[in-house]
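Protein chains in written order, with my numbering: chain C, 1 to 153; chain H, 1 to 153; chain V, 1 to 153; chain D, 1 to 153; chain E, 1 to 153; chain G, 1 to 153.
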């Protein structure tokens with residue numbers, strides 16, 4: 001097994017996608033923000049509006065900035081970004097889904113969207129509960145490109 | 001318990017720190033990038049140089065952009081950012097430590113640095129192993145400010 | 001009357017605030033997004049949640065980026081940003097309020113927050129009504145600094 | 001009439017343009033920066049060079065950052081951005097024109113360019129006249145895409 | 001000879017590439033960071049790891065932000081960025097190579113990558129030697145587009 | 001001699017300025033954009049306005065983004081940025097001057113402003129002359145901070 005991000009001399013390098021064909025690409029990532037029951041109650045009982053909307057928006061915005069944050073990511077023209085956030089027993093579950101037509105996949109974009117949405121939920125809860133934990137950030141599905149489809153089992 | 005990021009009408013709001021005194025603030029966050037044994041071996045055996053240096057640098061850069069990513073974070077003049085990344089049995093363990101002198105804490109900056117460093121490790125491994133998981137992103141310590149010190153147990 | 005942003009040779013210049021004392025500064029800006037009655041109804045009748053929350057969040061985020069957008073603005077550590085958006089007869093009225101402790105005022109930050117919140121409302125309505133108009137973007141109040149307080153009459 | 005930026009549950013969403021064909025798109029937006037006669041005179045009489053050049057450049061730069069400012073905008077590879085600014089009786093009139101080849105239109109890019117150019121003119125005048133007002137920010141023309149051409153009457 | 005970035009009235013303008021065909025484009029730029037022999041020794045003798053890795057990463061990241069830094073540059077989807085940095089007798093020599101498929105060339109992206117990598121080497125050395133100099137930043141090669149290939153002699 | 005940007009294990013690190021006192025800091029950097037005589041003539045003869053204004057504005061904007069470009073730079077609240085650009089026999093000479101009150105110096109900000117202004121001049125000339133060279137980017141003066149003043153001889 002060989003890392004694609006290092007050359008033979010061990011120096012970091014970007015993968016060259018100049019010769020790759022542009023195909024439809026999609027990726028879905030998930031993450032859980034775990035919190036105490038009383039913290040979760042405080043978030044859910046927010047008087048009006050949806051307290052998770054700000055996390056969704058932060059996640060969508062972050063996906064567009066993935067190539068600025070992750071040094072070896074290629075810039076990509078994303079055609080769709082969707083971030084869902086819902087209350088579950090243990091806290092808030094987030095799913096981020098990203099699509100593009102391009103020469104490389106959007107796994108990092110989906111993971112970045114999920115991570116920043118989770119950090120935004122954390123930011124909202126941190127005055128109540130310093131023990132909130134972001135866990136299980138992982139790729140759930142991807143499709144498109146030479147390496148084909150993947151679905152986490 | 002009341003969320004600090006929502007007003008009485010349930011609308012999102014930034015905490016007003018205009019009247020807070022500037023004090024020394026510090027925070028440390030940790031995270032684990034879990035991967036298969038053979039993936040970990042491939043990363044460790046990278047021929048020359050330190051394969052985790054790029055993750056450290058990405059984490060340091062990301063801490064400086066926290067207020068751009070997290071909508072309700074205040075901009076802060078960070079005086080120190082340190083990101084450590086080391087190989088452990090299960091994968092790569094990352095610790096991010098941030099300091100400032102300012103009217104509000106740097107928990108989100110430390111967590112953002114740790115998250116982006118972890119995503120960068122993920123990016124490096126993703127061609128080998130799509131099952132890599134980022135887990136246990138949490139605040140380990142904080143000090144400074146009215147709410148005092150915290151240390152995760 | 002002399003422009004502060006030009007030197008004697010007519011070249012653009014930033015105002016030097018190195019010798020100014022840091023004081024509390026505040027500014028409030030307002031703007032109106034005018035739309036047809038049926039467009040306004042469609043926005044108000046959005047099934048759940050507050051359709052203006054995304055505009056508020058975009059405005060808050062934009063205030064933090066004022067110095068990146070306006071070439072001669074100084075970077076400032078904002079201590080508070082608040083964006084209100086409410087339905088009025090003619091459309092959506094937005095008020096943005098910004099505070100800092102610093103050597104120069106936050107008028108541009110308040111105006112930028114209001115402008116970007118208004119553009120975000122526009123973005124939401126543009127598929128329904130291409131004639132939406134953003135109007136009356138202006139400073140309502142400012143305080144702090146040598147030039148003292150101002151209130152629009 | 002239904003908002004395209006909300007799903008059936010009332011949550012904010014980006015429009016999915018993955019299946020749209022790439023076509024030539026263009027949009028033109030206009031805005032007026034209204035100021036007192038003596039302020040306008042001071043700006044016009046700037047000794048050398050064109051005092052509106054900085055506003056043009058700020059507008060061009062801002063168009064490229066539209067997707068960072070407006071949460072639900074798609075990133076687009078703009079092929080042309082032009083910002084004109086000229087003195088008129090009431091102040092400074094700005095026109096921004098943007099083009100791309102892509103799956104969605106550039107109305108928001110043209111409006112953002114015009115808005116930021118106008119804010120930059122405001123910044124230049126604000127020491128002289130706190131009553132300057134940005135008004136009539138609106139789409140003048142668009143072409144390309146399924147919804148066809150539009151020209152404001 | 002006529003400048004492409006100015007219109008007939010002498011106002012700055014972006015080149016309109018809307019009608020240009022997308023072709024493969026490449027550019028290579030070089031630069032030298034000149035330093036004293038003892039400074040160079042201190043950099044080379046850095047105990048572990050490659051002291052130039054941070055410069056390479058900064059250069060790669062900067063290439064992706066060229067259109068944000070250079071007002072009249074078009075945004076481009078870069079398909080490859082490579083930055084090499086090596087010790088030579090006089091200091092550190094940097095070569096940056098960029099590729100895209102697009103309607104305009106990537107000379108500015110290669111030069112920006114080289115410049116920021118050089119500035120990062122400077123940052124590393126500045127506590128030891130304030131006389132470090134960045135010199136010979138120039139285009140070495142380009143290919144693709146109507147103007148054809150170029151190779152510096 | 002020891003590099004301040006590496007720890008004992010050879011890993012990159014940011015200098016911790018948490019305990020440093022805030023003092024007035026200033027730095028001036030210079031650079032030359034060398035071009036053929038006929039290219040220089042074409043730039044100088046630009047019909048109206050000052051063809052170097054766009055370079056000045058790009059340099060000022062870039063200084064504010066130094067901490068985003070150079071990984072180990074601290075964010076700083078700059079109080080003044082000035083970029084001069086003038087025609088000389090060999091091409092265009094640029095001087096950038098930056099000030100702040102802070103715990104660390106502004107050398108990198110001055111150098112970044114000068115570099116980006118020079119790249120912007122290059123961008124303007126590149127259609128006429130691919131051999132333009134950016135040379136002699138160096139610190140001319142600095143003051144403030146424990147290490148005291150420096151003036152290049």
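Note that beta-carbon positions come from the ideal geometry of N, C-alpha and C, so glycine has one too.
Give me the chain V residues within the contact set of residue i, using Cβ-Cβ distance strictly less than 9 Å, ordered along the chain.
i                     : result
residue 69 of chain D : 58, 61, 62, 65, 69, 116, 119, 120
Within 8 Å of any Cβ in chain E, is that where the Cβ of residue i sits?
i                      : result
residue 39 of chain D  : no
residue 135 of chain G : yes
residue 50 of chain D  : yes
Check residue i in the structure and name its three-state DSSP category.
i                      : result
residue 97 of chain V  : strand
residue 28 of chain H  : strand
residue 111 of chain V : helix
residue 76 of chain E  : coil
residue 116 of chain D : helix
residue 23 of chain G  : strand
residue 151 of chain D : strand
residue 91 of chain C  : strand
residue 58 of chain C  : helix
residue 138 of chain D : strand
residue 42 of chain E  : helix
residue 127 of chain C : coil
residue 121 of chain C : helix
residue 85 of chain C  : strand
Closer than 8 Å, CB to CB, is residue i near chain H or not?
i                      : result
residue 139 of chain V : no
residue 16 of chain V  : no
Could you round the C-beta distance between residue i and residue j to whole angstroms and report it? I think they count as a contact, below 8 Å.
i                      : j                      : result
residue 137 of chain D : residue 27 of chain D  : About 13 Å separates the two Cβ atoms, so there is no contact after all.
residue 12 of chain C  : residue 54 of chain H  : 5 Å
residue 66 of chain G  : residue 108 of chain G : 5 Å
residue 130 of chain E : residue 150 of chain G : 5 Å
residue 106 of chain E : residue 100 of chain E : 5 Å
residue 31 of chain V  : residue 114 of chain V : 4 Å
residue 148 of chain G : residue 25 of chain G  : Actually they do not touch by this definition, with Cβ atoms about 11 Å apart.
Going along chain H in order, which residues have a C-beta closer than 8 Å to the C-beta of residue i?
i                     : result
residue 54 of chain E : 53, 57
Against residue i, what residues of chain D qualify as contacts under a CB-to-CB distance less than 8 Å, listed in chain order?
i                     : result
residue 13 of chain E : 82
Within 8 Å of any Cβ in chain V, is that where the Cβ of residue i sits?
i                      : result
residue 108 of chain D : yes
residue 100 of chain D : no
List, in order along the chain, the chain E residues whose C-beta lies closer than 8 Å to that of residue i?
i                     : result
residue 78 of chain D : 74, 75
Since residue i meets chain C, which of its residues come closer than 7 Å, beta carbon to beta carbon?
i                     : result
residue 44 of chain H : Within 7 Å Cβ-Cβ: nothing; residue 44 of chain H doesn't reach chain C, min ~10 Å.
Run through chain D and tell me which residues come within less than 7 Å of residue i, C-beta to C-beta.
i                      : result
residue 161 of chain C : As shown, chain C starts at 1 and ends at 153. That puts residue 161 of chain C outside it, with no answer to give.
residue 127 of chain V : 4
Would residue i count as contacting chain G if we go by Cβ distances under 8 Å?
i                      : result
residue 123 of chain H : no
Chain E partners of residue i, CB-CB under 7 Å?
i                      : result
residue 131 of chain G : 152
Counting only beta-carbon atoms, is residue i nearer than 8 Å to chain C?
i                      : result
residue 104 of chain H : no
The region 70-85 of chain E touching the region 77-91 of chain H, judged by at least three CB pairs closer than 8 Å: no
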